[in-house]
Structure formats: structure tokens, C-alpha cells
């Protein structure tokens with residue numbers, strides 16, 4: 112039955128959804144040019160990770176987007192990423 116967290120395709124789908132949410136928050140917050148450039152770089156890397164079906168890399172990139180672009184501390188960024196993959200979090 113697996114663990115409490117989504118894996119494989121479902122994890123990639125969730126990480127893609129979270130990436131979209133991060134982009135919308137960043138756009139609404141009016142991030143600066145440096146952060147916008149960083150976000151574009153991270154989005155390119157994320158697209159590559161999704162195409163390659165590389166869940167660990169996608170997790171790291173989402174966590175980095177949360178911390179480096181939105182300003183979350185590392186603990187909070189990791190919590191948000193993990194919570195988004197939690198089967199019991201009530202996202203469905």
C-alpha cells in the first residue's frame with residue numbers, strides 16, 4: 112500500500128501543482144528581477160526533473176523555490192513540500 116506519502120507519478124503531479132502555486136504567489140507578490148531570474152532558472156530545472164521523472168530532484172527544487180524565491184526558512188519549506196505529498200493531508 113506504500114507509506115503516507117505519494118510517490119512516482121502522483122508525487123510528480125503534486126510537485127507540479129505546488130510549483131504552479133509558488134509561481135502564482137510569486138507573481139502576486141511582485142518579486143524582484145533577481146528573484147524572477149532565479150525562479151525562471153528553477154522552473155527550467157523543474158521541467159527537466161518532471162520530464163525525467165526524477166522525484167528526489169523535483170522535491171529539492173520545490174523546497175528551494177519555497178525558500179529562495181518566497182523566503183520560507185528551510186524547515187518550513189520542507190514541511191510545506193512534505194505536507195503536499197502527504198496522502199492524509201486532505202488535498203483531494
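Numbering (the working numbering), first residue to last: 112 to 203.
Here a beta-carbon is modelled for each residue, glycine too, at the ideal position from N, C-alpha and C.
Apart from sequence neighbours up to five positions away, the residues of its chain that approach residue 195 with a beta-carbon distance below 6 Å are 125, 129, ordered along the chain. Bounds of the alpha helix (DSSP H) holding residue 124 are 119–140. Cβ-Cβ distances below 8 Å link residue 192 to 126, 129, 170, 173, 174, 177 in the same chain, with the five nearest sequence neighbours on each side left out; the list follows chain order.
In the structure shown, residue 197 adopts extended strand secondary structure according to DSSP, grouped into three states.
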